[in-house]
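Per the numbering used here, numbering of the sequence shown is gapless, rising by one per residue and ending at 259.
We put the CB at the ideal spot given by N, CA and C, even for glycine.
Here the structure is a predicted model, which means the values were calculated and not measured.
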Amino acid sequence: MEFINYEAEGMVGVITINRPKALNALNSQVLEELDQTLNAVDLESVRVLILTGAGEKSFVAGADIGEMSTLTKAEGEAFGKKGNDVFRKLETFPIPVIAAVNGFALGGGCEISMSCDIRICSENAVFGQPEVGLGITPGFGGTQRLARIVGVGMAKQMIYSARNIKADEAFRIGLVNAVYPLEELMPAAQKLAAAIAKNAPIAVRNCKKAINDGLQVNMDEAIVIEEKLFGDCFESYDQKEGMTAFLEKRKVEAFLNK
Ligand code: DAK
Numbered sequence: 002m003e004f005i006n007y008e009a010e011g012m013v014g015v016i017t018i019n020r021p022k023a024l025n026a027l028n029s030q031v032l033e034e035l036d037q038t039l040n041a042v043d044l045e046s047v048r049v050l051i052l053t054g055a056g057e058k059s060f061v062a063g064a065d066i067g068e069m070s071t072l073t074k075a076e077g078e079a080f081g082k083k084g085n086d087v088f089r090k091l092e093t094f095p096i097p098v099i100a101a102v103n104g105f106a107l108g109g110g111c112e113i114s115m116s117c118d119i120r121i122c123s124e125n126a127v128f129g130q131p132e133v134g135l136g137i138t139p140g141f142g143g144t145q146r147l148a149r150i151v152g153v154g155m156a157k158q159m160i161y162s163a164r165n166i167k168a169d170e171a172f173r174i175g176l177v178n179a180v181y182p183l184e185e186l187m188p189a190a191q192k193l194a195a196a197i198a199k200n201a202p203i204a205v206r207n208c209k210k211a212i213n214d215g216l217q218v219n220m221d222e223a224i225v226i227e228e229k230l231f232g233d234c235f236e237s238y239d240q241k242e243g244m245t246a247f248l249e250k251r252k253v254e255a256f257l258n259k
């Protein structure tokens, strides 16, 4: 891989988009490598992913404008599909994904962070959807996910005005869950990942699926989705161990993902 680094240590995998010359902008190769990396994650052992960018300045500065500038309509659509497919894979990835946003998260950068389950960022982070200033619409789900995360009014303001926002404002509007000094960002992401990874993995996965799938349907259907995923946890080793430990007034020995 030229542009993606992947390291798994214990139960946490860290994916780093590493194309510093272009502030980690997403070209076709980055998207392809990200797709391959996700396909190769060992879901038997890894329980949480962290997605970040290389360097101290940028998470992802968007889709690659140089590559996009010469696309035909058909090529633009194909590029959009490639990105959307990878972003959707991230969003529906069986285990939680934390975006550790370490600088610019513009256009496709903001969009890829929104495909993750949780966003935390460094104090120097900058978010925005600058596409209308480039003559295009957000193309990797920005019109859809931003409105779902920060509300329709704020999303429309950000997208129509193409105005970037800093970390404190991103926190205020609920786009990120927390802001850290840059050097504390990855330790905080690791700490959060570890807190998630120590819980029963089947239950965590089912929570992700229940929240994601439930948000797409009405409440009556959503509750049925929850019921099925709740039921799915039973008869698992981890459900028995979690409940037995409580009843025996002891700590869980280990959740075994089975
Ligand atoms: N693409 C390509 N190269 C980029 C880039 C990008 N998005 N962002 C930065 N770079 C490159 C710069 O060209 C520069 O390269 P050299 O000139 O050194 O070769 C290098 O990274 C350093 O950038 P700067 O010199 O500009 O650094 P500054 O600190 O001065 O400025 C900046 C940092 C992030 C404010 C600035 O680079 C910037 O404004 N970058 C562009 C940000 C942006 O507009 N991003 C949104 C891109 S549009 C779709 C699919 C997807 C999308 C849309 C449609 N379909 C097909 C449906 C998504 C669109 C986008 O993401």
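Secondary structure of residue i, DSSP reduced to three states
i, result
"G136", "coil"
"E1", "Not covered by the structure: residue 1. The range shown for the chain is 2 to 259."
"F235", "coil"
"A201", "coil"
"S70", "coil"
"S59", "strand"
"A64", "strand"
"L27", "strand"
"V218", "coil"
"I99", "strand"
"S114", "helix"
"D86", "helix"
"F172", "helix"
"T144", "helix"
"G152", "coil"
"R20", "coil"
"F247", "helix"
"N40", "helix"
"V253", "coil"
"E45", "coil"
"K259", "coil"
"F94", "coil"
Buried or exposed (CB count within 10 angstroms, at least 16 for buried), residue i
i, result
"V49", "buried"
"V218", "exposed"
"M244", "exposed"
"S116", "buried"
"I224", "exposed"
"R164", "exposed"
"R149", "exposed"
"E34", "buried"
"L72", "exposed"
"L107", "buried"
"F247", "exposed"
"P139", "buried"
"P182", "exposed"
"A211", "buried"
Beta-bridge pairing of residue i - partner residues as DSSP gives them
i, result
"F128", "A106, I166"
"G1", "This structure does not reach residue 1, given that the chain is present from 2 up to 259, and the question cannot be answered."
"Y181", "S123"
Proximity of residue i and residue j at Cβ, strictly below 7 Å
i, j, result
"I119", "A190", "no"
"L176", "V151", "yes"
"F88", "G54", "no"
"V102", "I51", "no"
"I121", "N178", "yes"
"A195", "F256", "no"
"I226", "G215", "yes"
"R206", "P95", "yes"
"K90", "L147", "no"
"V253", "E242", "yes"
"Y238", "K209", "no"
Could you say if the segment 53-65 and the segment 101-111 meet the contact criterion of at least three C-beta pairs nearer than 8 Å?
Contact between the segment 53-65 and the segment 101-111 is present: three or more C-beta pairs spanning the two stretches fall below 8 Å.
With three or more C-beta pairs closer than 8 Å as the rule, is the segment 161-177 touching the segment 124-134?
yes
So, do the segment 63-79 and the segment 10-28 have three or more beta carbon pairs nearer to each other than 8 Å?
yes
Counting Cβ pairs, one atom from each stretch, are 3 or more of them under 8 Å apart for the segment 155-164 and the segment 209-226?
no
I want to know whether the segment 224-237 touches the segment 71-83 - three or more CB-CB distances under 8 Å.
no
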